[in-house]
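Worksheet: the structure to be examined is printed underneath.
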Amino acid sequence: MITQKSFDPKNKFGTLYLVPTPIGNLADMTFRAVSVMKQADLIAAEDTRNTQKLLNHFEIETKQISFHEHNTVQRIPELINRLKDGLTIAQVSDAGMPSISDPGHELVTACIKAQIPVVPLPGANAGLTALIASGISPQPFYFYGFLPRKPKDQRHELTELVDRPETLIFYEAPHRLLKTLKMLQAVLGDSRMASLCRELTKKHEEFIRGSLEQLIAWADGTTIRGEFVIIVSGNQHPVQTDQDELIANLSLSQQVDRFIEGGLPVNEAIKKVAKSHHLRKQIVYNEYHQIK
1 MITQKSFDPK
11 NKFGTLYLVP
21 TPIGNLADMT
31 FRAVSVMKQA
41 DLIAAEDTRN
51 TQKLLNHFEI
61 ETKQISFHEH
71 NTVQRIPELI
81 NRLKDGLTIA
91 QVSDAGMPSI
101 SDPGHELVTA
111 CIKAQIPVVP
121 LPGANAGLTA
131 LIASGISPQP
141 FYFYGFLPRK
151 PKDQRHELTE
161 LVDRPETLIF
171 YEAPHRLLKT
181 LKMLQAVLGD
191 SRMASLCREL
201 TKKHEEFIRG
211 SLEQLIAWAD
221 GTTIRGEFVI
231 IVSGNQHPVQ
241 TDQDELIANL
251 SLSQQVDRFI
261 EGGLPVNEAI
271 KKVAKSHHLR
281 KQIVYNEYHQ
291 IK
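In the UniProt record's numbering, the protein residues as written are 1 to 292.
Here is the structure:
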């Protein structure tokens with residue numbers, strides 16, 4: 001067990017502050033965030049050029065150091081050493097919360113291991129901002145972020161989510177939006193309600209609400225610009241998967257058939273049955289296809 005008192009005067013190290021930045025509208029920067037960045041000894045930024053625009057706007061003169069997904073192995077030991085020397089570091093991503101679909105988590109875990117205080121600041125978050133205006137039930141929700149880029153991996157991940165009753169939150173870039181919507185439709189179905197939340201907090205903020213089928217029709221005839229949050233309603237009528245009942249009454253092959261009837265591809269149904277019984281996929285595959 002590790003206990004942290006964030007503002008204990010007896011702390012012998014510096015402090016890592018996790019500072020949210022605006023997701024579009026600079027007026028969403030908090031007074032505390034500006035104050036922390038001004039008082040910090042160093043700002044660890046995902047893109048120093050992008051963050052410099054923010055610093056210029058708020059007249060923050062603190063020195064920056066780059067910290068992004070491609071230099072974490074090199075940079076984390078350096079930042080940890082500076083924190084151990086007593087420096088205060090503010091870590092920021094390009095927009096929104098550090099660690100949420102952005103760099104930061106590995107640095108946080110390294111600080112915790114080294115008993116360096118980690119202090120989070122509240123602030124802008126695209127997922128929650130979209131959720132509360134989506135018109136879809138805001139709780140419970142399941143935040144996913146960016147889906148994998150390869151269609152095979154996307155399908156696999158969505159198959160794992162197809163029966164979840166929680167509202168689902170995804171992020172997507174404009175050039176991949178249509179393909180992602182089509183994959184959502186293929187796995188989750190035509191009628192699942194969703195909301196496309198575009199350019200949040202900016203001048204061209206827009207919400208497109210409807211079924212996945214309707215949203216695909218919109219995206220297919222539109223020049224798509226801006227970053228998107230996709231809010232998708234949960235499955236209120238999931239395939240029944242009571243494992244006790246399945247184990248007691250159905251063979252492995254029958255269980256696979258049950259999931260196929262619920263809309264899963266054969267291989268995904270086999271994976272699901274194997275996972276539920278803690279079996280290797282090959283065992284279920286062989287039994288289903290009667291391979292000895």
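All residues carry an ideal CB built from backbone N, CA and C; glycine is no exception.
Since the structure is predicted, the reported quantities are computational estimates derived from the model, not experimental observations.
- Under the three-state reduction of DSSP, GLY127 is assigned to helix.
- Taking C-beta atoms under 8 Å as the contact rule, GLY24 and GLU199 qualify, at a distance of about 7 Å.
- Under the three-state reduction of DSSP output, ALA95 falls in the coil class, being neither helix nor strand.
- DSSP places LEU196 in the uninterrupted beta strand (DSSP E) bounded by 193-198.
- Residue burial annotation: ALA114 is exposed, with fewer than 16 other C-beta atoms found within 10 angstroms of its C-beta.
- Between ALA95 and THR201, the gap from beta carbon to beta carbon reaches 7 Å or more.
- Around the CB of LYS271, 16 or more other CB atoms lie within 10 Å, so the residue is classed as buried.
- The DSSP-derived three-state label of ALA114 is coil.
- Short of 8 Å from the beta carbon of THR180, and not among the five residues preceding or following it, lie these beta carbons of its own chain, in chain order: LEU147, GLN154, PHE170, GLU172, ILE230.
- Apart from the 5 residues on each side of it in sequence, TYR285 sits with its Cβ closer than 7 Å to the Cβ of ILE270 in its chain, given in chain order.
- Pairing PRO103 with GLU69, the inter-Cα distance amounts to about 6 Å.
- Comparing C-alpha distances from GLN185 to each of GLY127, GLY210, GLU166 shows the shortest one belongs to GLY210.
- With fewer than three CB-CB distances shorter than 8 Å, the segment 38-47 does not count as touching the segment 115-123.
- ILE76 and GLU106 do touch by the CB rule: their CB atoms are close to 6 Å apart, below 8 Å.
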